[in-house]
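Let me begin by presenting the structure, written as structure tokens, before commenting on it.
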Amino acid sequence: MENSNVNVNVNMFEALKGNSLGSPEEPPYDPLPPIEDLPLPSTFRWGTATAAYQIEGSPTADGKGPSIWDTFSHLSPSRTNNENGDIACDHYNRVEEDLDLMASYGMDVYRFSIAWTRIIPLGGRNDPVNAQGIAFYNKLIDGLLARRIEPIVTLYHWDVPAALYERYGAFLDTAEFVADFETYARVCFEAFGDRVRKWVTFNEPYIIAIFGHHSGVLAPGRSTETGGDSSTEPWVVGHTLILSHAAVVGLYIRDYAGAQKGEISIVLNGHWYEPWDASDPADREAAQRRLEFYIAWFGDPIFLGKDYPSAMRAQLGDRLPQFTEEELARLRQLASRHTFYGMNHYSTKFAKALHEPPPLDDCTGNVEELSTNKTGRAVGPVSGMPWLRVAPHGFRKLLGWIWARYKLPIIVTENGCPDPGESQTPVEQAIEDKFRMTYLGLYLDTISRAITEDGVQVEGYYVWSLMDNFEWSAGYGPRYGITHVDFQTLVRTPKRSVWYLKHTFEERRRGSLTRSH
Ligand code: GBH
111 MENSNVNVNV NMFEALKGNS LGSPEEPPYD PLPPIEDLPL PSTFRWGTAT AAYQIEGSPT
171 ADGKGPSIWD TFSHLSPSRT NNENGDIACD HYNRVEEDLD LMASYGMDVY RFSIAWTRII
231 PLGGRNDPVN AQGIAFYNKL IDGLLARRIE PIVTLYHWDV PAALYERYGA FLDTAEFVAD
291 FETYARVCFE AFGDRVRKWV TFNEPYIIAI FGHHSGVLAP GRSTETGGDS STEPWVVGHT
351 LILSHAAVVG LYIRDYAGAQ KGEISIVLNG HWYEPWDASD PADREAAQRR LEFYIAWFGD
411 PIFLGKDYPS AMRAQLGDRL PQFTEEELAR LRQLASRHTF YGMNHYSTKF AKALHEPPPL
471 DDCTGNVEEL STNKTGRAVG PVSGMPWLRV APHGFRKLLG WIWARYKLPI IVTENGCPDP
531 GESQTPVEQA IEDKFRMTYL GLYLDTISRA ITEDGVQVEG YYVWSLMDNF EWSAGYGPRY
591 GITHVDFQTL VRTPKRSVWY LKHTFEERRR GSLTRSH
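Spelled out as structure tokens, the structure:
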């Protein structure tokens, strides 16, 4: 067992000695740990992740219907940097090329999402199913399997059918949505379940509820200012997400899991929160409360079969919908049927307790979020996104927090970053992505430490993202890919991170690694 481990590769980091990640104008941060030649279990699987709207393009091809992202990205004035996903990476027409690319990277798994409106263009339970949409994902899945890459399928990554949003507000009508989502999921299980072993219902319910229905930064773009109600709608949406997740897990377990031998779960995202003033109990509580408002909001009902965290009940009262006794009993039954926790994670922040009563539309747990602490230290060096700082120590604590609370094997279903200034550099420079490579190395190193030193079970690591793509409200600015995409020519060029990941994991295929630490 021990000598079939794969080791986090350190050879490529010679050039980075001396911790050159931060720029001089940045606030100081504690030194990053060294990246070491550490083991990962032989069963550990790596891959990359994408989402349909961010890469596919072809929004009306072969009978596809419009989603809320087709609508949102065409609003005027633009809310997506005057850009949209009409072409994106043109993945819909370049599947074969992208499959070959993945094969050349030596990935074990590929996590992608299905566009609901390719499968059911109008989305509803009585609406027609589109065979051509099914054919596209069959081609993708078969192409992956032919290359020995395992497909991990997300049913919903933010692109609800526009027709359902127009009919009843999508997530705002719990009963209607549950019924339609269940039907869509059944069609997918029937069509693809013979070849898919890992399913994810929803990607990041927090973002769907808060960014879609509180700040309105993401589709459908609702907030109090745009005709919604930021003090109530996010909590209704969250409730719908939990109950529709439960319905689909129940459906899969009853009708498909036996024959298809697969697993199903959900992907929750969240930062780690450090107290702004570690010596102040109010800040320590604030950090904990912030995690509960972010992660346990969904995690407790889904993985523990419990009501929402008491801190949420206390602050939100009746604006947080109630589960009926029946629903709670069902959630309790299903909680133990989950076999993994899907974790999207990028960064860490500081949490500072606020002492005035929170405004009605507060969704944080009455916490201020900061990137520096009381002494003026940053959480880590800043990446190409202002909110995304390198903080492997926070990642390690969050892995421990999730493991202690939910006791489920964790799959890191998304992790990655853009390099500082990457979007302004020509391709030859962009592919020298040392910052990303170091970030990925540090986060993999952290997983190894969490497994070997903390006893946390972590089964896989999927980099966000396979390739540069449409970054939602930020358009084509931020580049998260390990593959560079030229959005004029659509040419793909692997970045240096690819070779780092490949070398780290290919040792295992040769089966010759010994633990060197
Ligand atoms: C993931 O969401 C998505 O699943 C993926 O589609 C996306 O492309 C990827 O990340 C990269 O963004 O802290 O308020 O300043 C991550 C969701 C978006 C959550 C940015 C934190 C930070 C804004 N994250 N957000 S804030």
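Counting from 111, one number per residue, gives the positions in the sequence shown under our numbering.
Backbone N, C-alpha and C define an ideal beta-carbon position, used for all residues, glycine too.
Compute the minimum distance between the beta carbon of residue i and the heavy atoms of the ligand ATP, and state whether it is under 7 Å.
i, result
"Trp407", "Summarising the ligand content, the structure contains the ligand GBH and does not contain the ligand ATP."
For the ligand GBH, any of its heavy atoms closer than 7 Å to the Cβ of residue i?
i, result
"Ala161", "yes"
"Glu478", "no"
"Trp582", "yes"
"Glu314", "yes"
"Trp574", "yes"
"Tyr266", "no"
"Glu524", "yes"
"Trp497", "yes"
"Asn379", "yes"
"Ile374", "no"
"Ile317", "yes"
"Gln534", "no"
"Asn454", "yes"
"Tyr383", "no"
"Tyr404", "no"
"Tyr590", "yes"
"Gln164", "yes"
Going by CA-CA distance only, name the one from the options that's closest to residue i.
i, options, result
"Arg204", "Lys507, Ala463 and Glu166", "Glu166"
"Gly409", "Pro141, Leu353 and Arg155", "Leu353"
"Leu430", "Gly233, Val358, His381 and Thr350", "Thr350"
"Glu616", "Asp140, Arg515 and Ser152", "Ser152"
"Arg442", "Ala356, Pro137 and Thr284", "Ala356"
"Ala241", "Ile230, Gln164, Ile592 and Leu328", "Ile230"
"Arg400", "Phe460, Asp428 and Gln370", "Phe460"
"Thr458", "Tyr220, Tyr404 and Asp472", "Tyr404"
"Trp156", "Tyr553, Ile320 and Thr603", "Tyr553"
"Gly216", "Tyr572, Asp578, Gln598 and Pro271", "Tyr572"
"Leu611", "Ala295, Glu569, Asp387 and Gly551", "Gly551"
"Val288", "Asp365, Leu378 and Val270", "Val270"
"Ser533", "Ala584, Ile521 and Pro385", "Ala584"
"Gly415", "Ala245, Arg447, Ala396 and Asn194", "Arg447"
"Leu426", "Ala445, Val346 and Ser375", "Val346"
"Gly486", "Pro138, Pro528, Asn119 and Gly331", "Pro138"
"Thr560", "Ile512, Gln398 and Thr535", "The sequence given here places Ala at residue 560; Thr does not occur at that position. For Ala560, the nearest C-alpha among the options comes from Ile512."
"Ala273", "Asp252, Pro330, Glu569 and His503", "Pro330"
"Gln164", "Leu232, Trp268 and Asp210", "Trp268"
"Tyr549", "Ala367, Gly372 and Gly490", "Gly490"
"Ala463", "Asn483, Phe450, Met453 and Gly452", "Asn483"
"Ile251", "Asp290, Asp304 and Ala280", "Asp304"
"Glu538", "Thr603, Phe312, Pro315 and Ala285", "Thr603"
"Pro176", "Gly195, Ile521 and Pro187", "Gly195"
"Arg221", "Phe312, Thr434 and Ala388", "Phe312"
"Ser223", "Leu209, Asn248, Thr264 and His201", "Thr264"
"Lys544", "Cys527, Gly452 and Ala301", "Cys527"
"Val516", "Ser607, Arg546 and Trp407", "According to the sequence as given, residue 516 is Tyr; it is not Val. The shortest C-alpha separation from Tyr516 is found at Trp407."
"Asp596", "Pro344, Pro536, Thr556 and Ser481", "Pro536"
"Ala213", "Ala225, Ile244, Tyr202 and Ile259", "Ile259"
"Gly234", "Asp290, Ser188, Pro519 and Ala198", "Asp290"
What does DSSP give as the partner residue(s) for residue i in the beta ladder?
i, result
"Phe460", "Glu384 and Leu480"
"Arg155", "Gly570"
"His594", "Thr603"
"Ser375", "Val310"
"Val219", "Gly157 and Glu260"
"Asn117", "Pro149"
"Asn454", "Asn379 and Glu524"
"Tyr139", "Ala488"
Subject >> alpha helix (DSSP H) segments (min. 4 residues) lying fully within the region 226 to 299 >> reply: 226 to 229, 241 to 256 and 272 to 278
Subject >> Completely contained alpha helix (DSSP H) runs for the region 160 to 187, where each covers 4 or more residues >> reply: 162 to 165 and 178 to 182
Subject >> beta strand (DSSP E) runs contained entirely in the region 394 to 435, provided each spans 3 or more residues >> reply: If only complete runs of 3 or more residues are kept, the region 394 to 435 shows no beta strand (DSSP E) anywhere.
Original post:
At which residue ranges does the region 479 to 548 contain complete alpha helix (DSSP H) runs of 4 or more residues, listed in the order of the chain?
Top reply: 502 to 516 and 537 to 540
Subject >> Any alpha helix (DSSP H) of 4 or more consecutive residues that is wholly inside the region 329 to 380 >> reply: If we require 4 residues or more, the alpha helix (DSSP H) runs fully inside the region 329 to 380 come out as 343 to 365 and 367 to 370.
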